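Residue numbers (this note's numbering): 205 to 846.
Here's what the structure looks like:
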């Protein structure tokens, strides 16, 4: 049978899990007080947060009054308590010490503070004991104060708070402080998102005013009188073909979503402005448009029809969605322990300029992590510039990174700004950094260390402020040992490393990812697929996913194209997945000792396989890293390189 102490410890674990999952600050504060009261069997409690050098009352609960709200809550909400020794909460915030007061009405005159009975008087309540505990962040800074009121015995009698109470509350207070800081971070990001979204909306509206709108005029019988050229682009209708036809009979061109708005205008002769609707055109993606319409009048002011002005806002809505995704931490899907550890590390790294190396297999989401670091930090308003170091030939990569001046090489017809300069103030993301050729590695090292560089063909030194994030799916340490990557650059990039686990190592996230992609593709394909069958889910959980999350996404999209029912089944999956069966464990083979392999044996295997190191390693019965070590040790090279 568990002791009361073991029960309390178990309860602390449950509470910590509950707090870590809550990201809304208001709900979190209420949950903290509620759980503390249950844990300590106290009648009431309140919570204050430090704001602008003072303590601000945030929430209060007790068994008698339940959650303090309404007029009383507003009365106490306005209180700002100075951080000083003149009040209980202020004393705790100033000193960082815990206060356990058995009877607030019998405080010694030596105390620098006395209890304020105003709450008791307003609510006909009697406070006796108070336990006040500081909320401290990871640096020891006090960010708030918890107060618990009137400990209750097993029979409902008032008792003093004990040392056990103190230890329990202190343990939970540290967890609560972490949860509060996390919720505040998310709230800050959300506020930044709202501010930037509003600013972007204004900017985008100004841009879209310059775009030609579709204009269609109809008479009172809804025959189309005229349509401009923009109607073809926005509505998918050829102006020459639709003029003279009845509006509601122009089928095969669009879904006529604006037809109801047109009927209302003709019926009431009212003006409609910016009526927002979704419009789906034949063989074209759905659009979001606004329709403005006004009565069309002749010289005698007689209504003779209606003019429709249709503005395409699809791109505005898409950009709003992209912006929303930038600040949504939950775009990175997963609940596995490994991914949660990465989330916690991201919280620590977002507002630093530390160089980060992201490692992991192809398709694990390295660029998504890089974007989360950029858009969740102080550089979010500045550019994030991405360079794929594999996509460019060696002779162009230097120009791409650092820029060039006119005439620097054949084809350099004008000056070009490099990616380092384009990312000034923001973040430069170097994907597949392990493929940077050796002659550029030294120049990159200098740019990182000194924040300076010269463009190709130019002796002028440029200074930049850039945070660098690099990613690779290869073993850079092995490349260093083989002399293919500079050791000093490796350690300069690896100030802090984030290793992303392959999907096969976090299979518990697969159902969450499936639901995420179902939601995504239901919108883009305009379908309503509700889920996948148990057989399909079973094979998804067994499949090794060599392409990781990217392969899973493509598999779901493949199924969406083929599926016309509410459920994805095995028959909708790609062949390599639906036909997959787990391999039988091979009998252990005796591997040759590396020391027994002589240079002629190694060279013979390499020549036989055309210097394909993976095939040669299999032929010799050793691992590829071991083969690389032997090649390096014996200085083996192809004949044409001798």
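Just so you know, even glycine gets a beta-carbon here, dropped at the ideal spot from N, CA and C. Since we're looking at a predicted model, the values are computed, not measured.
- Taking C-alpha positions only, residue 358 is separated from residue 331 by approximately 18 angstroms.
- Residue 453 sits exposed, since fewer than 16 C-beta atoms from the chains shown fall within 10 Å of its C-beta.
- Under the DSSP assignment, residue 745 falls in the alpha helix (DSSP H) whose first and last residues are 738–746.
- DSSP, reduced to helix, strand and coil, places residue 604 within a helical segment of the structure shown.
- Between the alpha carbons of residue 798 and residue 690 lies a gap of roughly 27 angstroms.
- Residue pairing by DSSP places residue 356 opposite 362 in a beta bridge.
- One thing to note: residue 252 has its Cβ within 8 angstroms of the Cβ of residue 349.
- In this structure residue 673 is not in contact with residue 733, their Cβ atoms being roughly 35 angstroms apart against a cut-off of 8 angstroms.
- Residue 637 sits close to residue 697, with the two beta carbons spaced by under 8 angstroms.
- Between the C-alpha atoms of residue 311 and residue 318 there is a straight-line separation of about 7 angstroms.
- Annotated as proximal: residue 351 and residue 249, with beta-carbon spacing under 8 angstroms.
- In summary, residue 764 is buried, with 16 or more beta-carbon neighbours lying within 10 Å of its beta-carbon over all protein chains present.
- In the structure shown, the three-state DSSP call for residue 287 is coil.
- Annotation: residue 778 to residue 743 spans about 12 angstroms, alpha carbon to alpha carbon.
- Across the structure, residue 693 and residue 226 are spaced so that their CA atoms are roughly 40 angstroms apart.
- When the five nearest sequence neighbours on each side are left out, the beta carbons in the same chain lying within less than 7 angstroms of the beta carbon of residue 389 are those of 551, in order along the chain.
- Judged by DSSP in its simplified three-state form, residue 642 adopts helix.
- Between the C-alpha atoms of residue 757 and residue 721 there is a straight-line separation of about 7 angstroms.
- Annotation for residue 781: 743, 744, 747 and 759 place their beta carbon closer than 8 angstroms to its own, counting only its chain and skipping 5 residues before and after.
- In summary, residue 223 is buried, with 16 or more beta-carbon neighbours lying within 10 Å of its beta-carbon over all protein chains present.
- For residue 512 against residue 495, the beta-carbon gap comes to about 6 angstroms, under 8 angstroms, which counts as contact.
- CA-CA distance, residue 601 to residue 564, rounds to 23 angstroms.
- Of the other Cβ atoms in all chains shown, 16 or more fall within 10 Å of the Cβ of residue 713; this residue is therefore buried.
- In the structure shown, residue 804 falls within a helical segment according to DSSP collapsed to helix, strand and coil.
- Under the three-state reduction of DSSP output, residue 569 falls in the coil class, being neither helix nor strand.
- Here residue 593 is near residue 640, since their CB atoms are less than 8 angstroms apart.
- Contact check for residue 434 against residue 229 fails: the beta carbons are separated by 8 angstroms or more.
- Non-local beta-carbon contacts of residue 783 in its own chain, meaning distances under 7 angstroms to residues more than five positions away in sequence, are absent.
- Of the other Cβ atoms in all chains shown, fewer than 16 fall within 10 Å of the Cβ of residue 653; this residue is therefore exposed.
- Contact annotation: the segment 574–581 does not touch the segment 704–719, with fewer than three C-beta pairs closer than 8 angstroms.
- The alpha carbon of residue 681 has as its nearest neighbour, out of 450, 245 and 829, the alpha carbon of 829.
- By the C-beta density criterion, residue 327 is exposed, having fewer than 16 other C-beta atoms within 10 angstroms.
- Taken in chain order, the complete beta strand (DSSP E) segments of 3 residues or longer contained in the segment 654–705 are 656–658, 665–667, 671–676 and 700–703.
- With a cutoff of 8 angstroms on beta-carbon distance, residue 370 and residue 304 are scored as near each other.
- DSSP places residue 435 in the helix class (H, G or I) of the three-state scheme.
- Residue 570 counts as buried, since at least 16 other C-beta atoms from the protein chains shown sit within 10 angstroms of its C-beta.
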